[in-house]
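Enquirer:
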Amino acid sequence: MSTELDEAPRLCELAKTLGERGWLPATSGNLSVIVTADPLTFAVTRSGADKSRLTPADLLTVDADARVLRKASHDFRPSAEACVHAQIYTKLQSGAVLHVHTLANNLCSDLFAQAGAMIVTGHELLKALDHWEKEATIAIPIVPNHHDLQELAAAVGDAASASVPGVLVRNHGIYAWGDSLESAFRHLEAFEFLFAYEVMRRTLTPQSLSW
Ligand SMILES: [Zn+2]
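Numbering-wise (my numbering), the sequence shown opens with residue 0 and increments by one.
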């Protein structure tokens, strides 16, 4: 089992990478990694932190109810969305959860909101989401952006499944997870590629598509 200390530097490094890509605008987004599975405890970014300058002191260890166990050196609060992470850990025994707000994931979450899911088929990058079958098809669930975070956590928890490691929240962002920080990051990159692809495809004119 990893410890907060082991994973904290890698989490900070990842935050910087995600920040540089513009996936954590205006201090949004939150990232976490498991500390102990039983009882569940995980280290999560503090509320309002600039993720591009994240240090291990910006991480707080919380329990399954998102209550702080071990405080950072300042009077920081964990991300208000830590309760959503807790739902995902509890349901899927994942090792890390990454939540980012991007233009492409927001646009796709709105485009396909009525259907309740974005269907993706026949993409090579589905292999990065552990779908190796020929002509693989996945449905990425989309839930409403509940103002009440406990309601949001319940909705994401209900929609989350082991077959697709991510849930979109309409006009908000994506929660992606994996067994480790590395696999959660791989999944997140694959999702964001698929969202950017869909947005770009829709912006191409019929003329440009005949290149
Ligand atoms: Zn958010």
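Virtual Cβ for every residue (Gly too), placed ideally from N, Cα, C.
All values reported here derive from a predicted model rather than from experimental measurement.
1) Classify GLU191: buried if its beta carbon has 16 or more other beta carbons within 10 angstroms, exposed otherwise.
2) Closer than 6 angstroms by C-beta to CYS107: which residues in its own chain qualify, once you throw out the five before and the five after it? Chain order, please.
3) What residue from ASP49, THR40 and ALA42 has the CA that sits closest to GLU19's CA?
4) Using only the alpha-carbon positions, how far apart do ARG185 and LYS126 sit?
5) Taking buried to mean at least 16 other C-beta atoms within 10 Å of its own C-beta, is MET0 buried or exposed?
6) GLY47: beta carbon under 7 angstroms from a heavy atom of ligand 1?
7) Roughly how many whole angstroms lie between the Cα atoms of ASP62 and GLN86?
8) Can you tell me which of SER27, THR35, VAL43 and ASP37 puts its alpha carbon nearest to the alpha carbon of LEU10?
9) Say the cut is 7 angstroms; is the CB of GLU12 nearer than that to a heavy atom of ligand 1?
10) Look at the alpha carbon of ASP157 and the alpha carbon of GLU134, and state the distance between them as a whole number of angstroms.
Expert: Looking at the coordinates:
1) That one is buried.
2) For CYS107, the CB contacts under 6 angstroms within the same chain, skipping 5 residues up- and downstream, are MET117, PHE194 and GLU197 in chain order.
3) Selected option, being the one with the closest Cα: ASP49.
4) The straight-line gap from Cα to Cα measures roughly 10 angstroms.
5) Here the model assigns MET0 a pLDDT of 39, short of 50, so the residue's position is not dependable and the matter cannot be decided.
6) Set against 7 angstroms, the gap from the CB of GLY47 to the closest heavy atom of ligand 1 is not smaller.
7) If I take the Cα positions, the gap works out to 11 angstroms.
8) Ranking SER27, THR35, VAL43 and ASP37 by Cα distance to LEU10 puts VAL43 first.
9) Flag unset: Cβ of GLU12 not near ligand 1.
10) Computed Cα separation, rounded: 27 angstroms.
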